[in-house]
Each structure stands twice: as structure tokens, then as C-alpha cells.
Amino acid sequence: MISWENVFIDTDSHKIYSDRGKYFNIDKPIKIGNDVWIGCRCTIMKGTIIGNNTVIASNSVVAGDYEQHNNSIIGGNLINLIRDNIYWEK
């Protein structure tokens, strides 16, 4: 489930490269597991992986691999584990 006013960013929409022509900010897919609930006003950044049965707290900025956090609530502007071993009514 996805609440309102969320942003999913899988690209920077521009390229940044070194003086040798190597790109630093390549596009990366976002992977969201099964039975995930994303609260309102979250930003999901490129390359993010969210595990199954996960709740993302409102106003969170999610960037990184959280695949191992199944059955968890994660959130914050510096994302962290809020609670694990949770189950929610669907």
C-alpha cells in the first residue's frame, strides 16, 4: 500500500562525471517487497530495497538496502529500525 504525497526517485535526471568521463550517479532501480506499507510523504531513493511485510513510517527518506528488515517498521530522516517482528492487518 502506498499513501499520499510519496516520491520515488530512481534517477538524478542529470549526469555527473569525473574529468576522465566516468559517471558517478548512475540510475538504479527501486525494489519493494510484498505486503509493504509506505506512509505518507516518504521519499524512496534510487537503489533502495525494501523487504517483505515492512512498514515505512511517514515522512521518511529511504535510501539503501533494507531487504533483511522483514516484518519491521523502519523510518526517519536518517532511517533506522523502529520495531521488528511486527505483523499488520491487511
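Those letters in the sequence shown? Residues 91 to 180, by the numbering used here.
Backbone N, C-alpha and C define an ideal beta-carbon position, used for all residues, glycine too.
Note that this is a predicted model, so its numbers are computed, not measured.
| Asked | Found |
| --- | --- |
| Leucine 171, DSSP secondary structure in three states | strand |
| Nonlocal neighbours in the same chain, by C-beta distance under 7 Å from leucine 171, ignoring five residues either side | His159, Ser162, Ile164 |
| Rounded C-alpha distance that separates isoleucine 116 from aspartate 174 | 32 Å |
| Tryptophan 94 versus cysteine 130: straight-line alpha-carbon distance, rounded | 5 Å |
| Identity of the residues DSSP links to serine 162 by a beta bridge | Asp174 |
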